Every structure is written in C-alpha cells, then in structure tokens.
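The structure appears below as structure tokens.
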Amino acid sequence: MSRRLARNEYTVGWVCALPIELAAAQEMLDEEHANLKHEPGDNDENMYALGSIGGHNVAIVCLPAGRIGNNPAAAVAMQMRATFKGIRFGLMVGIGGGVPSTEVDIRLGDVVVSQPDKTFNGMVQYDSGKTTPSGFGRTGALNAPPQTLLGAVAKVRANELRGRSKVSEHIAKLDRIPEFQRSKAGPDVLFEAVYDHERGQTCDGCLKNRQEARPPRDKERVVVHYGTIASGNQVMKSARQRDKVSADLGGVLCFEMEAAGLMNSFPCLVVRGICDYADSHKNKQWQAYAAGVAAAYAREVLSMIPAPEMVETLTAEQAMYSADGKYSSCLLPGDILALMLQQDFRKR
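Residues 1 to 348 in full-length UniProt numbering are what the sequence shown lists, from first letter to last.
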C-alpha cells in the first residue's frame, strides 16, 4: 500500500503542461505516494501525482486538459504553492520548439535548460510589451532560477564533462513504454527556414532537396544546451518568425508557452526537450521522447541536491520576498543576509 505523507513534507513542485509530460514525470519517481487527505476548506482544483526522487518528496501537477499558456500555468503553480507550503522550489519540465542556428547545433531530442546570461535570467517573455509608433517594445523581466537549482545544474554540467552523467540511465526507465522509445520518434529532419510545409500531418510530401545538410550525430548521446528560453502565449510555427524573434533577443535556444507565467511567482528551473523546430513542419512525432529526455534531466538535477539539506533552505513562499522584494532564489537565510550586505556595500 502506498504511503500517504503530510502536505508540508513535500519540498519539490514539478509542473508540466501535457499528459505526455505528466506520464514521463511519473516514470521518474522512485516511489509513488497515496493521494492527499482531504482537509476542510480545500479549494485547490489541481490534481497531483505524488512520490519521491532521491529522497526528495515531489508533488507533480499537470495543467488541465486543453488549458495551455502562461496564465493557466501561473494559476496552477499558485495553487500548488498554497497547498504545499513546504515546497522549496519548482521544476517546469516538458517539450519545446528548438531554434537551430550556426552557433548552436540543436537537434530533436536535445535538452534545453534555462540558465542566466548577461542579457536574460534564463527566460524571456518575448510577446510581453507595448506597441508604440516606433514599433513593439518589450517590457518586464523574469526572475532567475533559484541558486540551489543553478548550483545543481553546475554539478550536472561537471558530470557531463567527466563522462559521469546518468541522464541516459534515467531515460532507460521509460524503455518499457513503446511510445517513449527513441526508435518510435522517427528521423530528425530540418528544412530550410524559407521552405514552408507542403501539406498533410507528416512531411512525406515535403521536398527532400529543401532539407538542411547536417553532420551525423550519435543517436544514443543526450546533448544538453544551456541559455535563454523564449516564452509566449502563442504557438511558434514559423521558421521566419522564429529566427526573427531569436535575432531580436540576441539568440534564444527554444520556444515554449508556459514558463513565463511561473518565474516571478514560483521559483523554478525550466527544462525543455526539443520535439520540433518551431516551424511549419511541426508535428507530434517527437513529443513523447522529448518529454522523456526532459524528465530524465530533471531527475538528474534533483539527484545533485542532498535531500536532508532542503529543510535548511527557505520555502518558495519565503524565497519570493526579501528586504527589497527582489530576491527570488532558494537560499539559506545566511545567504540572503550576505546578498543584502553586498548590495549595501555597492551603494556606498
């Protein structure tokens, strides 16, 4: 019989948008827990899958069927944070549309992770702004992922360099489900950005001489890219627009539709498996495998964080606020104090 834990024992919130992403997340669990016990006054409409990964108690939630975009994601995450007050940070895990470029060789089945750089904090909401006589002006900024998760990402990257990544081992947990197998995804084909899809659900009718020539890559190798993810409230399905938006933003790695709704209210890391190239040739053939690879990477990140130390960190609720209201990282109280002292020193 599955264990039933108290709500405050869950320290990790895992958010996904599609049933295929939820299935992949559940397969990453070491143990599945019983549903929450109903409490008087409950008004949380979310449906949770509960379990543990590497000693971390994880609450997984999927957006309601048919509800996609930043606003539904924000509503779901806010309810989760209210129900599980012990959550320290979140993971937004699922699929995305890759942005191939001469600088970054992104392929289907690769993983993209939100990591801050000099321009953005790992995420940018590209369609948030105002239209003026001089054109569209983007406004607002999104918070960076929590320090705890960025530290874990650094350890994962070090293990990648040392050949000690276990992401492939985690992916193997999905082998028993045919839909998630790499062989079921089909070929990885990238068409010229100026060549639009011909017709039909597949690209069988598209011209092969309009495919981009790329060097072969080991199919068993999991490639992870780190940088900026673009989030918006509409599906990106145009290679021309994809490349224009990416160029305007200084280069992004992929597009998605939910994470921007979380970053300023639910401290999290965004992990995306690439299932298409955000162009008119978009289809669902790679979605299952891409969702599985993203879930496997998220599991690897959690394995870098010692579960006993989580009780010493701030909760997600606490981490959203500080003396000036700007810190949104899951830091130890001493770390928050250090940041405040550093800021005070710079002002002198």
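Positions of the beta carbon are idealized from the N, C-alpha and C atoms, including for glycine. Note that the structure is a prediction, hence the values are computed from the model and not measured.
Could you tell me the distance, in whole angstroms, from the CA atom of residue i to the CA atom of residue j?
i	j	result
alanine 278	lysine 284	12 Å
leucine 5	leucine 36	7 Å
arginine 7	methionine 320	20 Å
lysine 326	methionine 310	Residue confidence is low: lysine 326 scores 48 on pLDDT, short of 50, so the model does not pin down where it sits. No coordinate-derived value is stated.
tryptophan 286	alanine 25	16 Å
arginine 182	proline 216	16 Å
valine 293	glycine 41	38 Å
valine 99	serine 52	33 Å
arginine 157	tyrosine 289	22 Å
glutamate 212	glycine 69	31 Å
alanine 323	leucine 314	Unreliable positioning characterises alanine 323 in this predicted model, as indicated by a pLDDT of 32, which lies under 50. A coordinate reading is not provided.
glycine 250	alanine 260	18 Å
arginine 3	alanine 291	27 Å
alanine 74	glutamate 45	13 Å
proline 116	glycine 122	4 Å
phenylalanine 120	glutamate 258	17 Å
arginine 67	valine 76	10 Å
lysine 173	glutamate 39	34 Å
alanine 65	threonine 102	37 Å
glutamate 300	glycine 200	38 Å
alanine 34	glycine 94	24 Å
alanine 82	aspartate 196	45 Å
valine 270	asparagine 209	35 Å
glycine 86	tyrosine 10	6 Å
Are the beta-carbon atoms belonging to residue i and residue j less than 9 Å from one another?
i	j	result
aspartate 110	isoleucine 274	yes
glycine 96	isoleucine 177	no
phenylalanine 84	glycine 13	yes
isoleucine 20	leucine 149	no
valine 58	leucine 302	yes
serine 165	valine 124	no
leucine 108	aspartate 218	no
methionine 80	alanine 296	no
tyrosine 226	valine 153	yes
alanine 316	glycine 90	yes
alanine 49	leucine 18	no
glutamate 220	leucine 207	no
lysine 184	valine 235	no
phenylalanine 266	methionine 47	no
Helix or strand or just coil, what does DSSP make of residue i?
i	result
isoleucine 171	helix
alanine 230	strand
aspartate 276	strand
residue 358	Nothing in the structure corresponds to residue 358, since the chain is present only between 1 and 348.
methionine 92	strand
serine 183	helix
aspartate 324	Note that aspartate 324 scores 39 on pLDDT, short of 50, meaning its location in the model is unreliable; the coordinates nonetheless yield the value given after this. Residue state, collapsed to three classes: coil.
glutamine 115	coil
glutamine 241	helix
glutamate 32	strand
glutamate 256	strand
glutamine 211	strand
leucine 269	strand
glycine 98	strand
isoleucine 20	helix
For the beta strand (DSSP E) that contains residue i, what are its first and last residues?
i	result
alanine 49	48 to 53
asparagine 57	56 to 62
glutamine 125	123 to 125
residue 349	Residue 349 is absent from the structure shown; the chain starts at 1 and stops at 348.
valine 15	12 to 16
On the DSSP letters alone, give me the boundaries of the alpha helix (DSSP H) that residue i sits inside.
i	result
serine 303	287 to 303
valine 76	70 to 83
leucine 5	Looking at the DSSP string, leucine 5 is not in any alpha helix (DSSP H), and its letter there is neither H nor E.
Write down the C-beta distance between residue i and residue j rounded to the nearest angstrom, noting that I regard them as a contact closer than 8 Å.
i	j	result
cysteine 268	methionine 92	5 Å
serine 114	proline 145	6 Å
aspartate 127	alanine 193	In fact, because the Cβ distance is near 20 Å, the residues do not count as touching under 8 Å.
residue 437	leucine 190	With the chain represented from 1 up to 348, any question about residue 437 goes unanswered, as that position is not in the structure.
alanine 239	histidine 56	Contact doesn't hold; Cβ gap of about 39 Å is too wide.
valine 15	valine 61	6 Å
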